[in-house]
Amino acid sequence: MDLQIFLLLGQDGVTNGAIYALLALALVLIFAVTRIIFIPQGEFVAYGALTLASLQAGKIPGTVWLLLALGLVVIVLDGVQMLREGRYGKLPSLLIFNLGWPLLCAAVLFALPPGDLPLALQVLLSLLLVVPMGPMVYRVAYQPLAGASVLVLLIVSVAVHVAMIGLGLLFFGAEGSRTPAFTEVSFELAGAPLQGQTLLVVAASAALIAGLYFFFERTLYGKALRATAMNRTGARLMGIAPTLAGKLCFTLAAAIGVFSGILIAPITTIYYDSGFLIGLKGFVGAIIGGLASYPVAALGALLVGLLESYSSFWASAYKEVIVFTMIIPVLLWRSLTTRHVEEEEE
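This note's numbering numbers the first residue of the sequence shown as 960 and each following residue consecutively.
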């Protein structure tokens, strides 16, 4: 391996690690706030990338109909509860967000040819179509079982993951898709080409991480999520609604997943089931952080990206095995050094 190959592999490793770091942060956030190991996190990556690819191909993405279906289910669940409790004043906002929003997005796509829209508007539409599914998935699948054990929530996550993969196959087909690069700029570093798309991925990931830090440190909602992550019972006694915290963290996780999918769509071919493997590597980074530490999870995800890249040169057939084997020593070390604590009662 010469210096040029070393730099090229390092470039790929940092790029992949930046995406894995975002997903690891999302997984840590959801687990810390809701105790849910969110396996479908990778599906939001695939949905975001494939929705953008569908728009650029001039097609109406199937995520429009999924968003509408989820909105109708949420309206039925929350509407019945509001009617029973006499909270009629909240019905208009419920209808606007869960029904009006999907219908507005569908009307825009039918009125304007998706393939002729500017790239920025296509990216915005992809975000607007997929990100609202985060809180809807939480409301439909997880909120009724919010007080269940971690094992039950994990089983629900597996079911949601399987359902989203099946729907992805139905909406996008078995063929993979790749979007055009956002920039064609390239540089040279020590004789090795450095693509502008790579720099864009790393810079955008760093900006999003910085934005999340500002959100958690400076905003009221961010502090509420931090309080819920530290002590769910104490946060509830202080007036922080667990339902609001769950929906908010799922919204952030969905936004991170869709944003990550849009970033990597130009540099790798995405299939309907590609998100699972990508999310699983982010989960390895989250495990290194103990599903609790954001900085350690981000560093662990970056290590996963570099290890994956360099192992693909020396042993490409075993690179996935090498990456996932990292979990074993980490879990062993944590099992020997961490004192067992009983699960917090709701």
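Here a beta-carbon is modelled for each residue, glycine too, at the ideal position from N, C-alpha and C.
Being a predicted model, the structure only gives us computed values, none of them experimental.
Using 8 Å for Cβ pairs, my map puts L1184 next to A1214. What's the rounded Cβ distance?
About 14 Å; that fails the 8 Å criterion.
Three-state secondary structure (DSSP) at F1146?
Note: F1146 maps to strand in three-state DSSP.
Between which two residues does the alpha helix (DSSP H) harbouring K1182 extend?
Note, K1182: alpha helix (DSSP H), 1179 to 1189.
For V1096, is the classification buried or exposed, using 16 other Cβ atoms within 10 angstroms of its Cβ as the cut-off for buried?
By the 10 Å Cβ count, V1096 comes out buried.
Buried or exposed: which applies to K1049, given that a residue is buried once 16 or more other Cβ atoms fall within 10 Å of its Cβ?
Burial check for K1049: the Cβ neighbour count within 10 Å stays below 16, so the residue is exposed.
At the level of alpha carbons, what is the spacing between T1010 and S1052?
C-alpha separation (whole angstroms): 26 Å.
Can you tell me whether DSSP reads P1091 as helix, strand or coil?
coil
From E1279 to G1264, what does the alpha carbon distance come to, in whole angstroms?
The straight-line gap from Cα to Cα measures roughly 11 Å.
At what residue ranges does the segment 1093 to 1173 contain a whole run of the alpha helix (DSSP H), taking only runs of 4 or more?
1109 to 1131
At what residue ranges does the segment 1249 to 1300 contain a whole run of the beta strand (DSSP E), taking only runs of 3 or more?
none
Which two residues bound the contiguous alpha helix (DSSP H) that contains R1043?
1022 to 1044
If we ignore side chains and look at the alpha-carbon of each, how far apart do L1071 and S1085 end up?
15 Å
Have a look at the DSSP bridge pairing and note the partners of I1229.
S1136
G1244: buried (16+ other C-beta within 10 angstroms of its C-beta) or exposed?
Counting Cβ neighbours within 10 Å, G1244 comes out buried, since at least 16 surround it.
Which residue's Cα is closest to the Cα of G1248: G1259, T1227, G1241, L1239?
Selected option, being the one with the closest Cα: G1259.
Please state whether the Cβ-Cβ distance between L1239 and G1001 is less than 8 Å.
yes
Could you spell out the range, first to last residue, of the alpha helix (DSSP H) harbouring N975?
962 to 993
Distance check for L968 and E1147, CA to CA, integer angstroms please.
14 Å
Alpha carbons only, please: which of A983, N1190, L1026, G972 is nearest the one belonging to G1093?
Comparing Cα positions, the closest option is L1026.
Nearest CA to the CA of V1117: which residue from Q970, S1275, I996, F1283?
I996
Since I believe P1020 is in contact with L1088 (beta carbons under 8 Å), could you give me their beta-carbon distance rounded to a whole number of angstroms?
7 Å
Could you tell me whether the segment 1127 to 1145 touches the segment 1216 to 1233, using the rule of 3 or more Cβ pairs below 8 Å?
yes
To the nearest angstrom, report how far apart E1304 and L1290 are at their CA atoms.
Per-residue confidence for E1304 stands at a pLDDT of 47, beneath the threshold of 50, marking its modelled position as unreliable; the derived number appears in the next sentence. Between E1304 and L1290, the C-alpha separation is close to 24 Å.
For M1041, collect the residues of the same chain with a Cβ closer than 8 Å to its Cβ; drop the 5 residues on either side in sequence, then sort them by chain order.
Y1047, K1049, L1050, L1053
Can you give me the C-alpha to C-alpha distance between T1296 and G1106, rounded to a whole angstrom?
Their Cα atoms are separated by approximately 28 Å.
Counting only the same chain and skipping the five closest in sequence on each side, list residues whose C-beta sits under 6 Å from that of P1288.
none
Could you say which of L1171, A1188, M1197, V1023 lies nearest to L1211 if we only look at CA atoms?
Checking every option, the nearest Cα to that of L1211 belongs to L1171.
Starting from the C-beta of I916, find all residues in its chain whose C-beta is less than 8 Å away, skip the five residues before and the five after it, and write them out in chain order.
Residue 916 lies beyond the range of the chain shown here (960 to 1305); nothing can be said about it.
Going by beta carbon distance, what residues of the same chain come within less than 7 Å of L1153, once the five residues before and after it are set aside?
Q970, S1145, F1146, E1147
Excluding the 5 residues flanking P1073 on each side, which residues of the same chain have their C-beta closer than 6 Å to its C-beta?
If we look at P1073 and ignore the five residues flanking it on each side, its Cβ neighbours are L1014, G1017.
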